[in-house]
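Inspection log for the structure reproduced underneath, given as structure tokens.
There are 2 protein chains.
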Amino acid sequence: MSKESIAILGGTGDQGLGLALRFCAAGREVVIGSRKADRAVEAAEEVGKQVSGAQVSGVENGDATDGAGIVILSVPFEHTASTVKSIRDRLAPGQIVVSMGVPLATAVGGSAAHMVGVWQGSCAELVASLVPDGVHVISAFQNVSAHRLSTLDEPVECDVVVSGEKEPRARVMELCELVPGLRGVNGGPITNARIVESMTALLIGMNIRYKVPEGVGIRFTGMAES
Amino acid sequence: MSKESIAILGGTGDQGLGLALRFCAAGREVVIGSRKADRAVEAAEEVGKQVSGAQVSGVENGDATDGAGIVILSVPFEHTASTVKSIRDRLAPGQIVVSMGVPLATAVGGSAAHMVGVWQGSCAELVASLVPDGVHVISAFQNVSAHRLSTLDEPVECDVVVSGEKEPRARVMELCELVPGLRGVNGGPITNARIVESMTALLIGMNIRYKVPEGVGIRFTGMAES
């Protein structure tokens with residue numbers, strides 16, 4: 001179970017590529033997906049250059065979804081629904097889909113420090129409304145800086161709030177522990193994605209106010225060390 | 227300016243009393259307000275017992291508001307509007323009102339891990355809609371554990387996101403630094419209270435899931451030390 005393959009759809013973007021680098025560096029098999037296979041192949045080659053011995057390939061999103069234990073959706077919020085619809089027929093019961101999108105107002109030409117409302121409550125709940133029965137949607141990774149993920153020789157130093165059903169949530173929390181410095185925190189039910197996603201807008205504002213291009217991170221204190 | 231007196235309305239509750247203890251321990255003058263003067267007097271006596279030499283008094287909310295540099299609203303969310311209306315005539319331009327309320331669903335008989343919607347967007351913006359012109363409303367202190375505030379011999383170890391207009395925001399950030407372990411973080415415009423308030427519901431859920439009755443805290447990482 002813990003060695004299941006990881007597909008990262010939109011893995012050609014900064015944050016998806018950063019996760020691909022980190023999971024490959026931890027020895028896990030990663031399939032990068034993109035709408036266009038050739039861009040996914042390029043991204044996989046980039047990962048192979050940076051991580052020696054990386055088990056990584058690049059294919060079209062639907063092909064990446066087939067048979068992956070965990071499918072991470074790393075596409076801009078405005079492409080979330082169309083991406084999920086495009087892979088819907090490739091998803092099978094038992095698979096986990098990880099929503100890391102954030103409904104930033106950039107989706108409608110606004111500021112990255114503002115949010116837009118989502119009818120379902122959050123990007124993660126939008127995704128959950130679109131997947132077939134038996135597919136588990138988990139909210140995670142929204143607040144992890146792409147820059148820090150990509151700086152392979154440094155720990156990421158950030159907590160990841162993981163929300164959704166208990167058993168798949170635990171599996172995604174395990175995934176966090178593969179990345180040095182990252183810690184998965186039990187974020188309860190998926191409806192809490194409403195809060196966690198909005199925290200991204202707050203952090204983006206802090207990045208600007210405190211001039212931290214590498215990205216401000218978040219840590220929860222007072223919990224027993226896991 | 228930095229020695230202005232602090233009024234804490236609803237200072238008889240756990241969180242208000244905790245702040246009163248900490249500000250008195252830092253040598254600041256605190257006026258505890260309550261709807262009933264005698265309850266405020268009792269709370270002030272309690273602070274006097276725990277902090278030797280405390281400059282603290284207890285009076286009715288309106289009397290506490292008169293002349294205070296900073297007025298902290300520490301009342302349950304459902305009493306926010308009525309409290310602000312009751313002191314409205316006592317507020318003067320230049321005063322700072324700090325909103326620390328959170329629209330938890332407990333206000334309508336629901337769970338403390340859920341939120342209710344506020345027409346203005348947040349408790350802080352509700353307060354801002356009710357104060358006279360020239361009074362500055364700042365959002366702060368929502369995520370600080372009452373238990374940790376009250377444990378005077380230990381630092382609080384929590385960041386406080388402070389949102390609102392620049393100059394009064396800086397003054398409230400200074401207030402945070404009076405409490406060992408507490409750090410004020412620039413949270414930008416008051417509209418960000420929508421995010422910060424909801425983080426309280428997330429933290430309350432974590433307190434339950436991780437069995438931390440003292441309260442999970444939050445730290446932002448990656449910013450230069452202030």
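Chains A and B, in that order, are what the protein sequence lines are.
Going by our numbering, the final residue of the first sequence carries number 226, and the count climbs one at a time with no gaps.
Going by our numbering, the final residue of the second sequence carries number 452, and the count climbs one at a time with no gaps.
We put the beta carbon where it would ideally sit given N, CA and C, even for glycine.
Problem set entry | Under 8 Å from the C-beta of THR447/B: neighbouring residues of chain A | GLU157, CYS158, VAL216, GLY217, ILE218, ARG219
Exercise. Closest by CA to GLY360/B, which one among GLN321/B, ARG420/B, ARG445/B?
Worked result: GLN321/B
Problem set entry | Residue(s) in a DSSP beta bridge with ILE208/B | The displayed coordinates of chain B run from 227 to 452. Any statement about residue 208/B would go beyond what the structure contains.
Exercise. Under a CB-based cut-off of 8 Å, is VAL438/B close to chain A?
Worked result: yes
Exercise. Can you tell me whether DSSP reads LEU219/A as helix, strand or coil?
Worked result: The question names Leu, but residue 219/A is Arg in the sequence shown. Of the three classes helix, strand and coil, the one that applies to ARG219/A here is strand, per DSSP.
Problem set entry | Contact under 8 Å by Cβ, GLY253/B with ALA269/B | no
Exercise. Taking Cβ positions, are VAL160/A and ALA140/A nearer each other than 8 Å?
Worked result: yes
For this session: Excluding the 5 residues preceding and the 5 following VAL118/A in the sequence, name in chain order all residues of the same chain whose CB lies nearer than 8 Å to its CB.
Result: PRO103, GLU125, LEU126
Exercise. How many whole angstroms separate the CB atoms of ASN418/B and LEU202/A, which I take to be in contact at a CB cut-off of 8 Å?
Worked result: 6 Å
Exercise. Where does the unbroken alpha helix (DSSP H) through GLY48/A begin, and where does it stop?
Worked result: 37-50
Exercise. For ILE421/B, which residues in chain A fall below 7 Å Cβ to Cβ?
Worked result: SER198, MET199, ALA201, LEU202
Exercise. Who are ASN186/A's beta bridge partners in DSSP?
Worked result: VAL162/A
Exercise. Where does MET326/B sit, in a helix, a strand or coil, going by DSSP?
Worked result: coil
For this session: Determine, using beta-carbon pairs with one atom in the segment 323-339 of chain B and one in the segment 287-307 of chain B, whether at least three such pairs fall under 8 Å.
Result: yes
Problem set entry | Cβ pair GLY217/A, THR447/B closer than 8 Å | yes
For this session: Taking VAL395/B as the query, report the chain A residues whose CB atoms sit under 8 Å from its CB, ordered along the chain.
Result: Sequence inspection shows Arg at residue 395/B; the Val mentioned does not correspond to that position. Neighbours of ARG395/B on chain A: none; closest Cβ ~11 Å, over 8 Å.
Exercise. Which residue's Cα is closest to the Cα of ARG194/A: GLY11/A, ARG209/A, LEU178/A, ILE138/A?
Worked result: ILE138/A
Exercise. Three-state secondary structure (DSSP) at HIS340/B?
Worked result: coil
For this session: Note down, in chain order, each residue of its chain lying with its Cβ closer than 7 Å to the Cβ of ASP453/B, except the 5 sequence neighbours on either side.
Result: No information on residue 453/B is available, as it lies outside the stretch 227 to 452 that chain B covers here.
Exercise. For MET227/B, which residues of its own chain have a beta-carbon under 6 Å away from its beta-carbon, when the five flanking residues on both sides are left out?
Worked result: Caution applies to MET227/B, whose pLDDT of 38 falls short of 50 and renders its modelled position unreliable; the model cannot decide the point.
Exercise. Under a Cβ-count criterion, where at least 16 other Cβ atoms within 10 Å of its own Cβ denotes burial, should ALA68/A be classed as buried or exposed?
Worked result: buried
Problem set entry | As assigned by DSSP and simplified to three states, the class of SER452/B | Per-residue confidence for SER452/B stands at a pLDDT of 44, beneath the threshold of 50, marking its modelled position as unreliable; no derived number is given.
For this session: Could you give the DSSP three-state label for VAL127/A: helix, strand or coil?
Result: helix
For this session: Following the continuous beta strand (DSSP E) through ALA246/B, name the residue where it begins and the one where it ends.
Result: Note, ALA246/B: premise wrong, no beta strand (DSSP E); alpha helix (DSSP H) at 240-251.
Exercise. For SER371/B, does the count of other Cβ atoms within 10 angstroms reach 16, so buried, or fall short, so exposed?
Worked result: buried
Exercise. What are the boundary residues of the beta strand (DSSP E) that VAL56/A is part of?
Worked result: 56-60
Exercise. Which of helix, strand or coil does DSSP assign to MET227/B?
Worked result: Model confidence at MET227/B stands at a pLDDT of 38, short of 50, so the residue's coordinates are unreliable and nothing is read from them.
For this session: Please confirm if ARG435/B has its CB atom under 8 Å from at least one CB of chain A.
Result: yes
Exercise. How many whole angstroms separate the CB atoms of ARG374/B and GLU440/B, which I take to be in contact at a CB cut-off of 8 Å?
Worked result: 6 Å
Problem set entry | Minimum Cβ-Cβ distance from GLY413/B to chain A less than 8 Å | yes
Exercise. Relative to the C-alpha of LEU356/B, which residue among LYS311/B, SER389/B, ASP379/B, THR377/B is closest?
Worked result: LYS311/B
Exercise. When you compare each of GLY164/A, SER163/A, ILE190/A, GLY184/A to GLU157/A by their alpha carbons, which one comes out closest?
Worked result: GLY184/A
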